[in-house]
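Numbering (full-length UniProt numbering) for the sequence shown: 1 to 375.
The structure appears right after this line, and notes come after that.
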Amino acid sequence: MSDTSEHSAATAPNPPAPAADPSRKAVKWVVGLIVVSLIWYLLADRFTPYTQQARIQAYVVPVAAEVSGRVTRVVVHNNQEVNAGDVLFEVDREQYRIAADRARADLESTRRQIGASTAGIDSALASLRAAIANEVKARQDSERLERLYREDQGTVSLRRLEVARATHEQAVSQVAAARAEVERAKEQQGGGDKENAQLRSVAAALEKAELDLADTRIRARSAGVITDLRTEVGQFAAAGNPVMTLIAIHDVWVSADMTENNLGHLQPGTPVAIALDALPGEIFEGRIRSIGYGVSVGQSTPPGSLPTVQNSRDWLRPAQRFPVIVEFAKGESARLRNIRVGGQAEVMAFPSVGNPLNPLGRVFLRVMSWTSYLY
Numbered sequence: 001m002s003d004t005s006e007h008s009a010a011t012a013p014n015p016p017a018p019a020a021d022p023s024r025k026a027v028k029w030v031v032g033l034i035v036v037s038l039i040w041y042l043l044a045d046r047f048t049p050y051t052q053q054a055r056i057q058a059y060v061v062p063v064a065a066e067v068s069g070r071v072t073r074v075v076v077h078n079n080q081e082v083n084a085g086d087v088l089f090e091v092d093r094e095q096y097r098i099a100a101d102r103a104r105a106d107l108e109s110t111r112r113q114i115g116a117s118t119a120g121i122d123s124a125l126a127s128l129r130a131a132i133a134n135e136v137k138a139r140q141d142s143e144r145l146e147r148l149y150r151e152d153q154g155t156v157s158l159r160r161l162e163v164a165r166a167t168h169e170q171a172v173s174q175v176a177a178a179r180a181e182v183e184r185a186k187e188q189q190g191g192g193d194k195e196n197a198q199l200r201s202v203a204a205a206l207e208k209a210e211l212d213l214a215d216t217r218i219r220a221r222s223a224g225v226i227t228d229l230r231t232e233v234g235q236f237a238a239a240g241n242p243v244m245t246l247i248a249i250h251d252v253w254v255s256a257d258m259t260e261n262n263l264g265h266l267q268p269g270t271p272v273a274i275a276l277d278a279l280p281g282e283i284f285e286g287r288i289r290s291i292g293y294g295v296s297v298g299q300s301t302p303p304g305s306l307p308t309v310q311n312s313r314d315w316l317r318p319a320q321r322f323p324v325i326v327e328f329a330k331g332e333s334a335r336l337r338n339i340r341v342g343g344q345a346e347v348m349a350f351p352s353v354g355n356p357l358n359p360l361g362r363v364f365l366r367v368m369s370w371t372s373y374l375y
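Below, the structure is given as structure tokens:
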């Protein structure tokens, strides 16, 4: 009996092992995912820097008239594309046309005055040549009589010799007076065309008047898009006061604010990928143009006052960000027609070639670009 019991106990099957707890397995997966994500985040922060704080920027040029006047014609409208040299609007030309005509008349009058002065110089030069000829003849007569008087005092009387000497001295004085008259005539003329101050002054006045007349047509200095149009025919446009804005579309870039920790491996020329909210699902190539070297940290303490201390009770300090200027690749210009200045973007940089994080980063940026369809 006892042998049978022992045999039964030996042949009885073992009880099944307790099943693994599903919740513990899920916890392990979650913990593992968190660890992998943390490692990826720490590495990606340095080797594939990424930021969502980025905006599209371009040069914004206020457009103002350079001469004051009443607006007579507005050629453009809001959100219109223009090319360099296109007329945007015009102001009243009449007063500037009259000023240009007056300046031309002043220039012609001045030239005539200079011509009359030139005739005076010619007359003075002729008188000088005559005075020099008289001085030469008087000097020769005086020298001849001096020689005859020394050879034979009876040949020439002393009175005749003194008259010859006086005549020569008078001729010398007349030459000096003629030279002074020539200088006076030249001074009155003011020099030639290039040296004449009066002529240069009226010529400059004419140039300024013609420039003002040309400036009554306000033209686009560069290609761009007109926005914020705030003028109409009949409104007075003061010189220097903007009446519209030109967004220059020939140079568009992205200003990406990256943390200090992101900047360790970045430098000008580093390739980047850009996702734009305006074009969901599309990735643009570019490169870093420059990296900012400073940002404002608030108002500085004025001299003579005590410093202000910021009492921060945060557990973690907020990361300081610096602007990184990113330019689009040259081949992307055809796809950038629909972007808007001020639009939001996401930027990821790839400082090192062959980094295994680069493909993961591109996949992540592509997914983030697709999410732009949701908002």
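Cβ coordinates follow ideal geometry from the N, Cα and C atoms, glycine included.
For residue i: DSSP bridge partner residues
| i | result |
| --- | --- |
| Ser290 | Ile325 |
| Phe236 | Arg70 |
| Ile218 | Phe89 |
| Ala64 | Pro242 |
| Tyr59 | Ala248 |
| Leu158 | Note: Leu158 sits in no beta bridge, so no partner. |
| Thr255 | It should be pointed out that residue 255 corresponds to Ser in this sequence rather than to Thr. According to DSSP, Ser255 bridges with Arg55 and Ile325. |
| Leu107 | In DSSP, Leu107 forms no bridge with anything. |
| Tyr50 | Met348 |
| Gly224 | Val82 and Ala248 |
| Glu282 | Its beta-bridge partners do not exist; DSSP assigns none. |
| Ala178 | DSSP output for Ala178 lists no bridge partner at all. |
| Leu276 | Ala345 |
| Pro271 | Arg287 |
Assumed close pair residue i, residue j - CB separation to whole angstroms, cut-off 8 Å
| i | j | result |
| --- | --- | --- |
| Pro323 | Asp257 | 6 Å |
| Val326 | Val272 | 5 Å |
| Ile249 | Thr270 | With a Cβ gap of about 25 Å, Ile249 and Thr270 do not count as contacting. |
| Tyr96 | Ala209 | 7 Å |
| Ser372 | Asp228 | Not really, about 27 Å apart at Cβ, beyond 8 Å. |
| Ile226 | Asn355 | Wrong, their Cβ atoms sit about 44 Å apart, outside the cutoff. |
| Gln344 | Ala26 | The Cβ separation is near 36 Å, so there is no contact. |
| Asn262 | Pro62 | Not quite, the Cβ-Cβ distance comes to about 34 Å (not below 8 Å), so this is no contact. |
| Ala58 | Val341 | 5 Å |
Distance between residue j and residue i (C-alpha atoms, nearest Å)
| i | j | result |
| --- | --- | --- |
| Val243 | Leu206 | 28 Å |
| Ile39 | Thr231 | 58 Å |
| Ser37 | Leu266 | 23 Å |
| Arg102 | Ala180 | 36 Å |
| Ile339 | Arg221 | 22 Å |
| Arg184 | Arg129 | 16 Å |
| Ser127 | Ala178 | 6 Å |
| Ala138 | His168 | 5 Å |
| Pro351 | Glu285 | 14 Å |
| Gln310 | Ser369 | 38 Å |
| Glu135 | Gln113 | 33 Å |
| Val254 | Lys330 | 14 Å |
| Gln174 | Ile132 | 8 Å |
| Val363 | Glu332 | 20 Å |
| Ala9 | Val30 | Residue confidence for Ala9 is low, a pLDDT of 48 falling below 50, so the modelled location carries little weight; the figure read from the coordinates is stated next. C-alpha separation (whole angstroms): 44 Å. |
| Val295 | Pro302 | 19 Å |
| Ala100 | Phe236 | 21 Å |
| Glu146 | Leu158 | 10 Å |
| Arg321 | Val297 | 11 Å |
| Thr72 | Asp106 | 29 Å |
| Val172 | Ala197 | 34 Å |
| Ile98 | Glu108 | 16 Å |
| Arg144 | Ala204 | 59 Å |
| Leu374 | Val367 | 12 Å |
| Ser312 | Gly304 | 25 Å |
| Pro22 | Pro280 | 39 Å |
Within 8 Å, strictly: CB atoms of residue i and residue j
| i | j | result |
| --- | --- | --- |
| residue 376 | Ala223 | Since the first residue shown for the chain is 1 and the last is 375, residue 376 is missing from the structure and cannot be characterised. |
| Ser142 | Arg165 | yes |
| Ile218 | Leu88 | yes |
| Ile247 | Val60 | yes |
| Ile34 | Val252 | no |
| Thr216 | Val67 | yes |
| Leu125 | Val163 | no |
| residue 418 | Met348 | Since the first residue shown for the chain is 1 and the last is 375, residue 418 is missing from the structure and cannot be characterised. |
| Thr110 | Leu199 | yes |
| Leu357 | Leu43 | yes |
| Gly234 | Arg70 | yes |
| Leu213 | Arg93 | yes |
| Ser290 | Pro268 | yes |
| Glu282 | Gln52 | no |
| Val91 | Ala64 | no |
| Arg46 | Gly292 | no |
Near the ligand FMN: residue i beta-carbon under 7 Å from a heavy atom
| i | result |
| --- | --- |
| Gly224 | Looking for the ligand FMN in the displayed structure turns up nothing, as the structure carries no ligands at all. |
Taking only runs of the beta strand (DSSP E) that begin and end inside the stretch 321–373, which ones reach a length of at least 3 residues, in chain order?
321–328 and 344–349
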